[in-house]
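Enquirer: Sharing a structure here in C-alpha cells format.
Number of protein chains: 2
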Amino acid sequence: MTAAVRRGTTPPPYSIDLVLLAPREGALHVLIESDGRTAHLPWGAPKSGEALLTSSRQLAKRTAGTEPGWMEQLHAFGDPLKHPAAAPVSIAFVGVVSAAATEGRLGDKARWVPMASAGLSGRHAAILAAAVETLRTRLEYAPIAFKLLPSTFTLSELQGMYELLLGWPLHKASFRRSLQAAYLVEPTDEWRSEGRGRPAQLYRFSPRKRRQGRRGVRFDFLGG
Amino acid sequence: MTAAVRRGTTPPPYSIDLVLLAPREGALHVLIESDGRTAHLPWGAPKSGEALLTSSRQLAKRTAGTEPGWMEQLHAFGDPLKHPAAAPVSIAFVGVVSAAATEGRLGDKARWVPMASAGLSGRHAAILAAAVETLRTRLEYAPIAFKLLPSTFTLSELQGMYELLLGWPLHKASFRRSLQAAYLVEPTDEWRSEGRGRPAQLYRFSPRKRRQGRRGVRFDFLGG
DNA sequence: GACTTTAGTTTCAGTTGGCTACTAATTGCC
DNA sequence: GGCAATTAGTAGCCAACTGAAACTAAAGTC
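As C-alpha cells, then:
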C-alpha cells in the first residue's frame, strides 16, 4: 500500500526519480525527502513535452536549490514495485552537487544525509545502489571530481575527492603519476598553507588533447 | 508527422524499443522492421504489470523468433522526438542473438540487415548508436561473446567474435595471454581441421573464480 | 618436396602501477 | 633556537602487462 494509492490519486505512467550526491564532512551524502517516518528520493511526475534531462534538472533545483555539476540518466526501473508514487516505472537520474552548493535553500522535507543512513527501501534502495555504482565508473570518463572542487585546488584535495567518491584509498605517487601523464591539470603559481605541514601548490583543471589509446580486451572483470 | 499520429491512435506514454544485434557473415547485423519505405526498430507498447525486461524478451521472441543470449536495458530516450509510435519516451534495450538463432521465424516485416545499411533516423538512429556503444563496453563485464558461439569453439573463432563485435582487430598473442590469465576457458581434447592450415584445438567456456584486483584511477579516457 | 595457410608459442622491449623510501617545507612544543 | 610532528612532493625499484615480431607446428595445395 503506497502513498499514492492511499491518497487515491492516479499514479503517473512513470516518474522521474533523482539521486543527488554530495561530498560533505568527509562522507558521501544523499538528498532524501522525509514523509513522516519514511524516507524516499526526490521524484516528480513528468511534464509532457519536456525533455527528461530538463525535468530532472528542474527537480534538482526544486529540492536541492541548485543544479548538479554533473548529471546522467541511469535507466528505467520497474522493480521492485514499492515506490512512493506507485509509479510502475521510474526513470532514474544521478547527479552530484559540490559541498559548497549544499548550502542552498532545500525544498520542503528535503535534507542531506550520509549514504550509510539513507534509510531507503524498495525501488529507491535499488536506485541508490545503482547510482553510486554508475558514479564510480563515470569518474574515469567525465571530470566529475573536478566539478566538485573550487577552480583551483591542491592535488591532495583532488585525491581526497576521488577517494571519497570511490570509497577506497588511493596511492599518492601513483595518483600523481597518472594525473601527470594525462595532462589534465596545470600548476598555478600559488601555494596554500593549511595549518601544519609543507604548503601545497594549487592546480587548475586544464585538459589537453591526447591520443586515444586502448586496443586490447580485458577479461579481468568478466566473472562467470 | 509520425505513423501513430497519422493513424489517429493515442500514443502510449512510453514504448519499449529493442535493438537486436547478431553476427552474420562476418558483419554485425541489426533486426529492423520495414513499414513500406521507412525502417524502424521493433517496438511495443508496455503491458501494465509486466516487468520491463519481460516485455522486452517477449518483443524479441515475437520479432526475431528467439530469445537473446544476452540483453540489457540502455536507458530511456526522450530525444529526438521522431519515433514511429510517437511515444514521448522510449525505454530501449539491446540484445544479442547468435548467428544460428537468426534462422528462426522472423516476425512480419522484420529482417536482419547489416549495421551499416540499417537506414534508421530520428530517435531510433540514436538508440542504435547507444546500443552498439553499450554492447562494446559490456564485453568486458559479461560473457557476451561466448553466448554467441557454440559450446565448444576455437580460440581463433573467439577472437574473431570479439573483433566483429568491437569493430577493430586484436593482437593474437596478447588476446590469448589475457584469456589464459583470466581462467575463462579450458581446452577439450578435440581438434578441428578447417580446410587448410594446422587444426585448432577446441575450448569450452569454463570460468573460475579469481581475486578481483583494481585499485587506482585511470585518467586516460577523461577528455576535456 | 616446396609453398601456402592457419594455429600456437616465445622473446623482447617499452609501459604501467604499486610500494618503499626518500627530500622539502611548514607548525607546534620544549 | 632546535627538534618532533605533519603534510607535500619526488625518486627508484620491481613485478606485471602489452604490442610487435619472429619463431615453431601441422595441415593442405601444387
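Top line first, the protein sequences correspond to chains A and B. Anchor point for the first sequence: position 159 equals 159 in the numbering used here, and the numbering is continuous, going up by one each time. To convert a position in the second sequence, counted from 1, into the numbering used here, add 1000. Even for Gly, the Cβ is constructed at its ideal location relative to N, Cα and C. Fair warning: this is a prediction, and the values are worked out from it, not measured in the lab.
1. Looking at the secondary structure, which residues open and close the alpha helix (DSSP H) in which A:HIS124 lies?
2. Classify A:GLN180 as buried or exposed, calling it buried when 16 or more other Cβ atoms lie within 10 Å of its own Cβ.
3. Compare the beta carbon distance of B:SER1045 and B:VAL1097 with 7 Å and say whether it is the shorter of the two.
4. Determine the direct distance from the alpha carbon of A:ARG215 to that of A:ALA155, and round the result to whole angstroms.
5. Contact defined as beta carbons within less than 8 Å: I believe B:THR1152 pairs with B:GLY1104. What is the distance between those atoms, to the nearest angstrom?
6. Check whether the region 1132-1150 of chain B touches the region 1054-1064 of chain B, taking contact to mean three or more Cβ pairs, one atom from each stretch, closer than 8 Å.
7. Just to confirm, are A:ALA131 and A:VAL94 a CB contact at a threshold of 7 Å?
8. Can you list, in chain order, the stretches of the beta strand (DSSP E) that have 3 or more residues and sit fully within the region 12-75 of chain A?
9. Using the beta-carbon of each residue, which ones in chain B are nearer than 8 Å to A:TYR62?
10. Checking contacts by CB at 7 Å: is B:PRO1199 closer than that to chain A?
11. For B:GLU1233 and chain A, any beta-carbon pair shorter than 7 Å?
12. So A:PRO13 and A:HIS40 are in contact, right, with Cβ under 8 Å, and what is the actual spacing, rounded?
13. Mapping the DSSP letters down to three states, classify A:ALA4 as helix, strand or coil.
14. Would you list the residues sitting across from A:ALA92 in a DSSP beta bridge?
15. Could you tell me which chain B residues have their CB closer than 9 Å to the CB of A:PHE175, listed as they occur along the chain?
16. Return the residue from the list B:ILE1144, B:PHE1219, B:ARG1218 and B:PRO1042 that minimises the CA-CA distance to B:HIS1124.
17. DSSP on A:THR188, reduced to helix/strand/coil?
18. Looking only at its own chain, which residues have a Cβ that is under 6 Å from the Cβ of B:THR1137, when we skip the five neighbours before and after it?
19. Only counting the same chain, and skipping five residues up and downstream in sequence, which positions put a Cβ closer than 6 Å to that of A:THR2?
20. Please state whether DSSP places B:THR1010 in a helix, a strand or coil.
Expert: According to the structure data:
1. Run containing A:HIS124: 123-138, per the alpha helix (DSSP H) assignment.
2. Exposed, since its Cβ has fewer than 16 Cβ neighbours within 10 Å.
3. The question names Ser, but residue 1045 of chain B in the sequence shown is Ala. For the 7 Å CB-CB criterion, B:ALA1045 and B:VAL1097 do not form a contact.
4. Here the sequence assigns Leu to residue 155 of chain A, which means Ala is not the residue at that position. Cα to Cα, A:LEU155 sits roughly 30 Å from A:ARG215.
5. About 22 Å separates the two Cβ atoms, so there is no contact after all.
6. Per the Cβ contact rule, the region 1132-1150 of chain B is not in contact with the region 1054-1064 of chain B (fewer than 3 Cβ pairs under 8 Å).
7. The answer is yes: Cβ separation under 7 Å.
8. Taken in chain order, the complete beta strand (DSSP E) segments of 3 residues or longer contained in the region 12-75 of chain A are 14-24, 27-35 and 38-40.
9. The question names Tyr, yet the displayed sequence has Arg at residue 62 of chain A. Neighbours of A:ARG62 on chain B: none; closest Cβ ~19 Å, over 8 Å.
10. Chain A contact via Cβ: absent.
11. Only positions 1001 to 1224 of chain B appear in the structure, and residue 1233 of chain B is not among them; the question remains open.
12. So it is not a contact: roughly 19 Å between Cβ atoms.
13. With a pLDDT of 47 at A:ALA4, under the threshold of 50, the modelled position of this residue cannot be trusted; read the value that follows with caution. DSSP, reduced to helix, strand and coil, places A:ALA4 within a helical segment of the structure shown.
14. For A:ALA92, the beta-bridge partners assigned by DSSP are A:ASP17.
15. Proximity of chain B to A:PHE175 at the Cβ level (cut-off 9 Å) is accounted for by GLY1216 and VAL1217, in chain order.
16. Answer by Cα proximity: B:PRO1042.
17. Judged by DSSP in its simplified three-state form, A:THR188 adopts strand.
18. Cβ within range, chain order: n/a, list empty.
19. For A:THR2, the predicted model reports a pLDDT of 47, less than 50, meaning its position is unreliable and no value from the coordinates is stated.
20. In the structure shown, B:THR1010 sits in coil (DSSP, three-state: anything other than H, G, I, E or B).
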